[in-house]
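Residue numbers for the sequence shown follow the numbering used here, so the first one is 1 and each next one is one higher. Beta carbons are placed, not taken as given, at the ideal position from N, Cα and C, and that holds for glycine.
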Amino acid sequence: MLKLNIPSYKMIEIKNLIFDYNGTLAKDGLVKDTTKNKLNKLSEKVNIYVLTADTFNNAKKNLKDTNVNLHIISKENGTNDKGDFIKELGNKDSIAIGNGNNDIEMIKNVELGICILGDEGCSTFTMINSDLVIKNIDDCLDLFINPKRLIATLRK
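See below:
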């Protein structure tokens, strides 16, 4: 569990990190080794879930060396699938990270929603509904490895 006491903002206790795959964790369907290493480090503290429609049909292969829970969602109903997953898992102890239009229901229905700008860009709807926007996934993961960075950004 990650405990974050963000002054004049809120105290959050996080059990789950939920990620979109393409455009968030992966570029062109591939996850960098640095990202995998950071995911494995974080998996020692929290549960990590990856939700994807698996556009490139390679998510399972690319994540085989990581301690993540992979969930393949429908290509046609991804937005609702991601929102339903959050409701079932529990939104008060979860952080969601994504970049696309189909990430909006998970981003806006968790304790903390993070939008990744990344090389593929991000949906303005997802960005507007996020608590935080980060330029890339490795910088985002570093926020949880070094939580004082997150506290410094979100304190009021």
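* 8 Å contact criterion, which L118 and I137 should meet: CB distance rounded -> What sits at residue 118 in the sequence shown is Gly, not Leu. Sure, about 7 Å apart at Cβ, within 8 Å.
* Asked: When you compare each of G90, F125, D131 and K156 to K15 by their alpha carbons, which one comes out closest?
  -> G90
* Using 8 Å as the Cβ pair cut-off and three pairs as the minimum, do the region 119 to 127 and the region 139 to 155 touch? -> no
* Asked: CA-CA distance, I95 and N58?
  -> 24 Å
* What are the boundary residues of the alpha helix (DSSP H) that includes G83? -> Counting along the chain, the alpha helix (DSSP H) containing G83 begins and ends at G78 to L89.
* CA-to-CA distance, K75 to N22, given in whole angstroms -> 13 Å
* Given a cut-off of 7 Å, decide if I134 and I116 are closer than it, judged by their beta-carbon atoms. => yes
* **Where the alpha helix (DSSP H) containing M106 begins and where it ends** => I104 to I107
* **Residue range of the unbroken alpha helix (DSSP H) whose run includes L141** => Residues I137 to I145.
* **Coil, strand or helix - A152 by DSSP** => helix
* To do: Using beta-carbon positions only, say whether Y49 and R155 come within less than 7 Å of one another.
  => no
* Unbroken beta strand (DSSP E) run spanning T24, endpoints -> Element bounds for T24: n/a, residue is neither H nor E.
* Asked: Between D65 and K36, is the Cβ-Cβ spacing less than 7 Å?
  -> Contact flag set, yes.
* Asked: Between the C-alpha atoms of K38 and D103, what's the straight-line distance to the nearest angstrom?
  -> 22 Å
* Asked: Can you find a heavy atom of the ligand COA that lies under 6 Å from the Cβ of F144?
  -> The ligand COA is not part of this structure, which contains no ligands at all.
* Collapsed DSSP secondary structure at N37 in the structure displayed -> When secondary structure is reduced to three states using DSSP, N37 falls in the helix class.
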